[in-house]
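Novice: Please see the structure below; I have some questions.
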Amino acid sequence: MRHAASYLFAAAALTAACSRSAPRPPPIKADGSSTVYPISEAVAEEWKKVHPTQVTVGISGTGGGFKRFCARETDISDASRPIKKTEVDLCAKNGVEYVELPLAFDGIAVVVHPKNAWVDRLTTSELKTMWEPAAQGRVKRWSDVRKGWPEKELRLFGAGVDSGTYDYFTEAIIHEERASRGDFTSSEDDNVLVSGVAGDELALGFFGLAYYEHNRDKLKVVPIDDDKADNGAGPISPSATTVRDGTYQPLSRPIFIYVSKRSLERADVAEFVQFYLREGQKKLIAEVGYIPLPERAYPLLAARVDRRVTGSLFQGKGSQVGVSIEAMLERQQGAGR
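Sequential numbering from 0 applies to the sequence shown in numbering that gives the first Met the number 0.
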């Protein structure tokens, strides 16, 4: 018995020593856009099936994510718009270089409650009437937006001010990023906005198309007529097809991850990013409701990671309206020369 006990004790000691000599690697930290979150979370779930390194994914909004990323608190920043100058400057101040990776395209869906019988379309001018700063205290009822609509309270739900979706929506509709009325229910978590509109017959809200696709039974999507474009297209509903072919304008935009060059020195981070691009291209981006780039785009992105090509293709200008998938590819190919 003494020999057996000694053997078990020695085996336990050896196991403990091995555990101490091979500590668990630190987690790979991602944070940022709630729009990109479903993709990053899906990739992280696939990754953990075959890799020991944990991946944590947060939702602090695109702006909040960049604040953490530029402070060296995270390895990857999820973003629903390109990095802007204040963030470029903050990263530079802290010595953070990054590889910018456009992942996919997304549409911003404008939605109302399913029992809303009067809204069957909206123009971009009407959206501006609802959301511009001058609307606060003045546009209070649906009848203030279009004659003939009911004299009932207009209740608005939208992305929080740290969200890239908020930045893009205001640029596309108000023509000035971060300019809007302030008296609306806001959240960086799109699920909160879904619940708000789904529970209020007088509500209207906007958020990423994937969140509408996953909640079709609770929401009614509104076709948008870009009446400022003068292209005669009329109202267009957001879908994978209309985002891919560029007809759903001006509410289609690319989405991104930004990866710290310093973090890429870790083999597991570099492997995870390549896994992200590979698995995302194969199935996960489309599965969670986004529009993948053409297949030829992803080898270009993988090469940017391998070569540690830093900086932004968007010159730190933040939200840019009307960027097509083909334009994205041309920018990537140009940067790779």
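All C-beta atoms, glycine included, are put in the ideal place defined by N, C-alpha and C.
Computed from a predicted model, the values in this text were never measured in an experiment.
Can you tell me which residues form a DSSP beta bridge with Pro237?
Specialist: BP columns for Pro237 are empty, so no partner.
Novice: Give me the DSSP bridge partner(s) of Ile82.
Specialist: Bridge partners of Ile82: none, in fact.
Novice: Reducing DSSP to helix, strand and coil, say where Asp244 ends up.
Specialist: Here Asp244 sits in coil by DSSP.
Novice: For Val35, tell me which candidate among Val109, Lys151 and Thr164 has the shortest Cα-Cα distance.
Specialist: The candidate whose alpha carbon is nearest that of Val35 is Thr164.
Novice: Under DSSP, the alpha helix (DSSP H) around Ala197 begins and ends at which residues?
Specialist: Element bounds for Ala197: Asp189 to Ala197.
Novice: So Glu278 packs on Val56, CB below 8 Å; how close in whole Å?
Specialist: Not a contact, Cβ separation roughly 14 Å.
Novice: Alpha carbon to alpha carbon, how far is Leu292 from Gly31?
Specialist: Approximately 21 Å, taken between the alpha carbons.
Novice: Distance check for Tyr297 and Lys338, CA to CA, integer angstroms please.
Specialist: Here the chain comprises residues numbered 0 to 336, so residue 338 is not present and cannot be evaluated.
Novice: Taking just the CA atoms, how far does Val111 sit from Thr246?
Specialist: Taking the straight line from one Cα to the other gives about 22 Å.
Novice: Give me, in chain order, the residues of the same chain whose beta-carbon lies closer than 8 Å to that of Ala178; leave out the 5 immediate sequence neighbours on both sides.
Specialist: Same-chain partners within the cutoff: Glu131, Pro132 and Thr169.
Novice: DSSP three-state call for Ala9: helix, strand or coil?
Specialist: With a pLDDT of only 45 at Ala9, under 50, the local geometry of the prediction cannot be trusted, and the value read off the model is given with reservation. Residue state, collapsed to three classes: helix.
Novice: Do you know whose CA, among Ala91, Ser79, Pro101 and Ala70, lies nearest Val272's CA?
Specialist: When each option's Cα is compared against that of Val272, the closest is Pro101.
Novice: Pick helix, strand or coil for Pro25, following the three-state DSSP scheme.
Specialist: Pro25 falls in the coil class under three-state DSSP.
Novice: Hey, how far is the Cα of Lys219 from the Cα of Asn190?
Specialist: In a straight line, the C-alpha of Lys219 is about 15 Å away from that of Asn190.
Novice: Following the continuous alpha helix (DSSP H) through Leu102, name the residue where it begins and the one where it ends.
Specialist: Counting along the chain, Leu102 falls outside any alpha helix (DSSP H), though it belongs to the beta strand (DSSP E) covering Tyr97 to Val111.
Novice: Report all residues from its chain with a CB closer than 6 Å to the CB of Ala134; omit the five preceding and five following residues, and keep chain order.
Specialist: Excluding sequence neighbours, Ala134 sits near Arg180.
Novice: Going straight from the alpha carbon of Asp244 to that of Arg23, what length do you get?
Specialist: The alpha-carbon atoms of Asp244 and Arg23 are separated by roughly 45 Å.
Novice: Per DSSP, Tyr149 forms a beta bridge with which residues?
Specialist: According to the sequence shown, residue 149 is Pro rather than Tyr. The partner list for Pro149 (beta bridge, DSSP) is empty, contrary to what the question assumes.
Novice: Just list the residues that DSSP pairs Lys219 with in beta bridges.
Specialist: Partner(s): Val111.
Novice: Check Gly63 in the structure and name its three-state DSSP category.
Specialist: Gly63 falls in the helix class under three-state DSSP.
Novice: Taking the alpha carbon of Arg67 as the reference point, which residue from Val95, Ala116, Ile235 and Ile173 has its own alpha carbon closest?
Specialist: Comparing Cα positions, the closest option is Val95.
Novice: Quick check on the DSSP output: the alpha helix (DSSP H) that includes Tyr210 runs from which residue to which?
Specialist: Start and end: Leu208 to Glu212.
Novice: Taking the straight line between their C-alpha atoms, what separation do you get for Leu250 and Gly106?
Specialist: Straight-line Cα distance between these residues: approximately 6 Å.
Novice: Starting from the C-beta of Lys260, find all residues in its chain whose C-beta is less than 7 Å away, skip the five residues before and the five after it, and write them out in chain order.
Specialist: Glu96, Tyr97, Val98, Arg307 and Thr309, listed in sequence order.
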